[in-house]
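The structure under discussion appears below in the form of structure tokens.
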Amino acid sequence: MPVTDKFFAINIRKYLALGDDQEAGEPALVKLLSGFSCPKNPDLERFLKKSAIEFTKKNQSVTYLVFSKDNGEMLGYFTLALKPLTVRGETVSNTVKRKLLRISEWDEKSDTYTMSAYLIAQLGKNYAGGRDKEISGKALIELAWMMIEKAQYMFGGMVTFLEAENEEKLLSFYRDNCFSQFDTRQTASDTDESHELVQLLRLL
Numbered sequence: 420m421p422v423t424d425k426f427f428a429i430n431i432r433k434y435l436a437l438g439d440d441q442e443a444g445e446p447a448l449v450k451l452l453s454g455f456s457c458p459k460n461p462d463l464e465r466f467l468k469k470s471a472i473e474f475t476k477k478n479q480s481v482t483y484l485v486f487s488k489d490n491g492e493m494l495g496y497f498t499l500a501l502k503p504l505t506v507r508g509e510t511v512s513n514t515v516k517r518k519l520l521r522i523s524e525w526d527e528k529s530d531t532y533t534m535s536a537y538l539i540a541q542l543g544k545n546y547a548g549g550r551d552k553e554i555s556g557k558a559l560i561e562l563a564w565m566m567i568e569k570a571q572y573m574f575g576g577m578v579t580f581l582e583a584e585n586e587e588k589l590l591s592f593y594r595d596n597c598f599s600q601f602d603t604r605q606t607a608s609d610t611d612e613s614h615e616l617v618q619l620l621r622l623l
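Listed below in structure tokens is the structure:
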């Protein structure tokens, strides 16, 4: 069964466009987001409740809420953005290099490929009331991928990437969904200790 038969995603801009409408505008969106829970990843929950609206208003990223067609419950969300990405040639295959050359600036001296890429910045299920059991991670990432494909159809581009904690179960999930590791990155933060994120990419 196609994922779109069971779920649908709504761009939160649809709520924001209705301004202060209590029933369908930003106040309704804030109330909806307040019911999201993700105890396994507090940062994911914090972003949705504290930053998603502001980031969308500033065009830094766009958040999509995922709902069940059966009962209308919010089951999860994903956030997409356009970001510059640099890939070191030594980390990818010759086949990937050839594809990257089409859409990137290649620095021969450093053997790096710099391009605009689609970023899956956030991806998570809603654990409130056991709703996480109503959707799989695979379905959630498939919905995000479908949105990226629509953007690629209109504007071009070839690379999608994401960053994940260095946990084998999580990395295995992304590998099973056609992403492959190409590098790591140290986070920079004024408040928290820096730690390593694994970078993975998938070509459209």
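The working numbering numbers the first residue of the sequence shown as 420 and each following residue consecutively. Heads up, the beta-carbon is just placed ideally off N, CA and C, and yes, glycines get one too. Bear in mind that the values here come from a model prediction, so they are computed numbers and not experimental data.
Which of helix, strand or coil DSSP assigns to residue i
i: N430; result: strand
i: L448; result: helix
i: L623; result: coil
Span of the alpha helix (DSSP H) around residue i
i: P421; result: That residue, P421, is in no alpha helix (DSSP H); it is neither H nor E in DSSP.
i: L519; result: 513–522
Reference residue i; option with closest CA among the options
i: D551; options: K459, L448, K450; result: K459
i: Q571; options: S535, Y546, N596; result: S535
i: D595; options: L448, R621, I522; result: R621
i: A428; options: L562, Q541, E582; result: L562
i: M420; options: L616, S591, A558; result: A558
i: E584; options: K433, L463, W564; result: L463
i: I472; options: D489, C457, G444; result: G444
i: L452; options: K588, A547, Q600, H614; result: A547
i: P461; options: E509, E524, L542, D526; result: L542
Unbroken beta strand (DSSP E) run spanning residue i, endpoints
i: P461; result: No beta strand (DSSP E) contains P461, which is instead part of the alpha helix (DSSP H) from 461–469.
i: A540; result: 531–544
i: P458; result: Run containing P458: none; DSSP gives neither H nor E here.
i: L494; result: 493–507
i: T482; result: 481–487
Short Cβ contact (9 Å threshold) for residue i with residue j
i: F466; j: T498; result: yes
i: Y537; j: G491; result: no
i: L494; j: V506; result: no
i: Q618; j: F580; result: yes
i: M565; j: T423; result: yes
i: T482; j: I431; result: yes
i: S613; j: I554; result: no
i: L435; j: K476; result: yes
**Request:** Counting only runs of 3+ residues fully inside the stretch 546–619, write out the beta strand (DSSP E) ranges in chain order.
**Result:** 578–584, 599–605
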